[in-house]
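Peer 1: For the protein sequence lines, the chains are A and B, in the order given. Positions in the first sequence are counted from 1; adding 996 to them yields my numbering. Positions in the second sequence are counted from 1; adding 996 to them yields my numbering. The beta carbon of each residue, even a glycine, is placed where N, CA and C say it ideally should be. Take a look at this one; I'll ask things after.
There are 2 protein chains.
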Amino acid sequence: MSNTLTTKTAVTCENCNLDTLCLPNGLQRTEIGALGQLVKRDNIRRKGEIIYHVGSSFRGIIALRSGSAKLVSIDSNGNEIVVNFILPGELLGFDGLALQTHQCTAIALETLSFCHLSAHYLDSSAIDTAFLNQALLQRASDQFDSQVQKMMLIRRPAEERVASFILKISERLKARGYSALEFRLTMSREEIGNYLGLAHETVSRIINHFQALQMIEVKSRQLKIINKKKLLGFYEE
Amino acid sequence: MSNTLTTKTAVTCENCNLDTLCLPNGLQRTEIGALGQLVKRDNIRRKGEIIYHVGSSFRGIIALRSGSAKLVSIDSNGNEIVVNFILPGELLGFDGLALQTHQCTAIALETLSFCHLSAHYLDSSAIDTAFLNQALLQRASDQFDSQVQKMMLIRRPAEERVASFILKISERLKARGYSALEFRLTMSREEIGNYLGLAHETVSRIINHFQALQMIEVKSRQLKIINKKKLLGFYEE
DNA sequence: CGACGCTTTGAGGAGATTCAAGACACGTGG
DNA sequence: CCACGTGTCTTGAATCTCCTCAAAGCGTCG
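As structure tokens, then:
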């Protein structure tokens, strides 16, 4: 692994800059080292390519190292809904845990790289599984909490949903070391609308309305937050 | 525990009639016995009483033995939404797992009883925690899957949501040994509407519309499914 | 048996969708 | 480097679904 052609030095869990966000968070130093042995790195996908497909057997938990992805669910009529967007440092794959078969499809929104913690080791005792299981359980529950939060958001008026969406993306990017106030959306209006339960025209209208109100500046997918308080005010009244 | 005043013999995990639905499902006989030692039984709540409250510290996973409950989430503005309804044999409490603090409130819809697997033992090694952790992980993931399913449902037209709701309750009751075609709803129209993202008047209208179409028979909360195919047809076109 | 809460039913209105068309951005090839 | 084409984004107008408000009917429980 150390003789790659990249200019970077080999990345392990021990020196990964996402370690505080990713699964190792909370593990002992030695355990992180052990975990590092079990992880497959340097997986790459390009825009539109699939990370895993609905119905495929669960192969493990995935940690996004760079780039972004969307998690979509498809019902029996072929309706596709965006369950979540995944940013660097975030985990992916919990939809395959319960039934050992993925219930969703994960698709790259841009070029991305990810690490892969093989399912084989999730129930083996290669490392202190008690702690790892605990961590996984927490992450899985966290996914549940997020869905509940999203459910609450979907009940709110369209403008609140969009305001909240912008602010949440901002927060998540900030937590990962990116600018909180100026960033590029990697998903289309259509995908945002699908995620928020709105038509893409509605999303577009509201985003431009926010711009007219001096809350944000938008140019296509480039977004700049001008007045965070006003945005917050939309759903904290 | 065996010297209770009830007429039933003492219930343990080993002789509980919900064993195939509850957590022990898949455990070894001896492990079920061990698990039984850790469970607090005979907890009772009456209609409207709280099982656990949002913000309270996580004390463990709960298995509903009889009766039904609702799981509600409350946002910063005091808006209350019904996240889920819980039927006998179903598990509860996963909203407290990630942050060790409950994110939701669980409330009895009628008189109910439940078992309580103390959180203290979830990370101790009193029994084969590898297996139990695995089981818990699967249940937690299952909760996530359910929320994704619900998310998809909420995108559908109101009539589909109600049809799906009726059929899902029917299936869940059937799996627990109750009649699949005739049952009593333990929740109000208001609560159904809240759960499905509809006004209670809309729920009422649609239920009565279904009755006019000879799909169901309704008398207040008593419900009888007359034509399951027609109901299915509403969202499987 | 009376009161309260839940359910039903109707009318009107608001918010978001759908349909349609034009503007813009981006990647491709000349 | 620019022209072109495709897909994305914007904007407008008409429509529709579902909500809100209002009031009456029913059921349930003290």
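For Phe1081(B), which residues does DSSP report across the bridge?
Peer 2: Partner(s): Lys1066(B).
Peer 1: Among residues of its own chain, excluding the 5 on either side of Arg1055(B), which ones have a beta-carbon nearer than 6 Å to its beta-carbon?
Peer 2: Excluding positions up to five away in sequence, the list reads Ala1115.
Peer 1: Taking the Cβ atom as the reference point for each residue, do Ala1136(B) and Leu1192(A) lie within a distance shorter than 8 Å?
Peer 2: Not closer than 8 Å, so no.
Peer 1: Taking His1112(B) as part of the beta strand (DSSP E), name the residues at either end of that continuous run.
Peer 2: Its beta strand (DSSP E) spans residues Leu1108 to Ser1114.
Peer 1: For Asp1138(A), name the three-state secondary structure that DSSP assigns.
Peer 2: Looking at Asp1138(A) - three-state DSSP - the assignment turns out to be helix.
Peer 1: Pull up the distance between the alpha-carbon of Arg1201(A) and that of Leu1113(A), whole angstroms please.
Peer 2: Cα to Cα, the separation comes out at about 41 Å.
Peer 1: Would you mind stating whether Pro1150(B) and Ile1150(A) have Cβ atoms separated by less than 8 Å?
Peer 2: Position check: residue 1150(B) holds Ile in this sequence, whereas Pro was assumed. Contact: yes.
Peer 1: Within its chain, find whatever has a CB closer than 8 Å to the CB of Gln1207(A); leave out the 5 residues flanking it on each side and keep chain order.
Peer 2: Once the five neighbours on either side are set aside, the close Cβ partners of Gln1207(A) are Glu1213 and Val1214.
Peer 1: At 7 Å on the CB atoms, spell out the chain B contacts of Phe1090(A), in chain order.
Peer 2: Those are Ser1137 and Phe1140, listed as they occur along chain B.
Peer 1: Can you tell me whether Glu1045(A) is helix, strand or coil according to DSSP?
Peer 2: If DSSP states are grouped into helix, strand and coil, Glu1045(A) belongs with coil.
Peer 1: From Leu1093(A) to Ile1222(B), what does the alpha carbon distance come to, in whole angstroms?
Peer 2: Cα to Cα, Leu1093(A) sits roughly 37 Å from Ile1222(B).
Peer 1: By DSSP, does Leu1149(B) sit in helix, in strand, or in coil?
Peer 2: Reduced to three states, the DSSP call for Leu1149(B) is helix.
Peer 1: Which residues of chain B have a Cβ atom closer than 7 Å to the Cβ of Val1050(A), listed in chain order?
Peer 2: Those within 7 Å of Val1050(A) in chain B number zero; the least Cβ separation is about 11 Å.
Peer 1: Could you tell me whether the region 1160-1178 of chain A touches the region 1168-1182 of chain B, where touching means 3 or more Cβ pairs closer than 8 Å?
Peer 2: Too few Cβ pairs lie closer than 8 Å, so no.
Peer 1: What is the DSSP secondary structure of Ile1222(A), counted as helix, strand or coil?
Peer 2: Three-state result, Ile1222(A): coil.
Peer 1: Determine the DSSP secondary structure at Asp1038(A), reduced to helix, strand or coil.
Peer 2: Three-state result, Asp1038(A): strand.
Peer 1: Looking at the secondary structure, which residues open and close the beta strand (DSSP E) in which Val1050(A) lies?
Peer 2: No beta strand (DSSP E) contains Val1050(A), which DSSP labels as neither H nor E.
Peer 1: Round the Cβ separation of Ala1065(B) and Leu1088(B) to the nearest angstrom and send it over; I've been treating them as touching at under 8 Å.
Peer 2: Going by Cβ atoms, the distance from Ala1065(B) to Leu1088(B) rounds to 7 Å, so yes, they are a contact pair.
Peer 1: How is Glu1213(A) classed by DSSP in three states: helix, strand or coil?
Peer 2: If DSSP states are grouped into helix, strand and coil, Glu1213(A) belongs with the strands.
Peer 1: Let's test the definition: count the other Cβ atoms within 10 Å of the Cβ of Lys1220(B) and tell me whether it reaches 16, buried, or not, exposed.
Peer 2: By the 10 Å Cβ count, Lys1220(B) comes out exposed.
Peer 1: For the beta strand (DSSP E) that contains Glu1155(A), what are its first and last residues?
Peer 2: Unbroken run through Glu1155(A) is the alpha helix (DSSP H), Ala1154 to Ala1171; no beta strand (DSSP E).
Peer 1: When you compare the CB of Cys1100(B) with every CB in chain A, is at least one pair closer than 8 Å?
Peer 2: Yes, its Cβ sits closer than 8 Å to a Cβ of chain A.
Peer 1: Starting from Ala1094(B), find everything on chain A with Cβ-Cβ shorter than 7 Å and list it in chain order.
Peer 2: Gln1134, Ser1137, Asp1138 and Asp1141, listed in chain order.
Peer 1: In whole angstroms, give me the CA-to-CA distance for Arg1180(B) and Glu1076(A).
Peer 2: One C-alpha to the other measures close to 34 Å.
Peer 1: Please list the partners that Asn1021(A) has in chain B, where partner means a Cβ-to-Cβ separation under 7 Å.
Peer 2: What Asn1021(A) touches in chain B: nothing, since even the nearest Cβ is about 13 Å away.
Peer 1: Does the distance from the CB of Ala1131(B) to the CB of Leu1019(B) come in under 8 Å?
Peer 2: Closer than 8 Å, so yes.
Peer 1: Taking the alpha helix (DSSP H) that Glu1197(B) falls in, what are its first and last residues?
Peer 2: Per DSSP, Glu1197(B) belongs to the alpha helix (DSSP H) from His1196 to Ala1208.
Peer 1: Give a yes or no on whether 8 Å exceeds the smallest Cβ distance from Met1211(B) to chain A.
Peer 2: Cβ-Cβ to chain A under 8 Å: no for Met1211(B).
Peer 1: Taking only the alpha-carbon atoms, compute the straight-line gap between Cys1111(A) and Gly1063(B) and give it to the nearest angstrom.
Peer 2: Their backbone Cα atoms lie some 45 Å apart in a straight line.
Peer 1: Quick check: the Cα distance between Arg1061(A) and Ile1082(A), rounded to an integer number of angstroms?
Peer 2: Cα to Cα, Arg1061(A) sits roughly 10 Å from Ile1082(A).
Peer 1: I want to see whether chain B comes within less than 8 Å of Met1183(A), judged by CB atoms only; does it?
Peer 2: No, Met1183(A) lies away from the interface with chain B (no Cβ there is under 8 Å from its Cβ).
Peer 1: Interface residues of chain B around Gly1229(A) at Cβ under 7 Å?
Peer 2: In chain order: nothing, as chain B lies at least about 12 Å away.
Peer 1: For Phe1179(B), list the residues DSSP reports as bridge partners.
Peer 2: DSSP, once it has assigned bridges, lists Leu1219(B) as partnering Phe1179(B).
Peer 1: How about Ile1057(A): is its C-beta nearer than 8 Å to some C-beta of chain B?
Peer 2: No, Ile1057(A) does not count as interfacial toward chain B.
Peer 1: Got a sec? Which residues, its chain only, sit under 7 Å from Val1079(A) by beta carbon, not counting five neighbours each side?
Peer 2: For Val1079(A), where only same-chain residues beyond five positions count, the Cβ hits under 7 Å are Leu1067, Val1068, Ser1069 and Cys1100.
Peer 1: With a threshold of 16 other CB atoms inside 10 Å of the CB of Leu1209(A), please say whether the residue is buried or exposed.
Peer 2: Leu1209(A) is exposed by the Cβ-count criterion.
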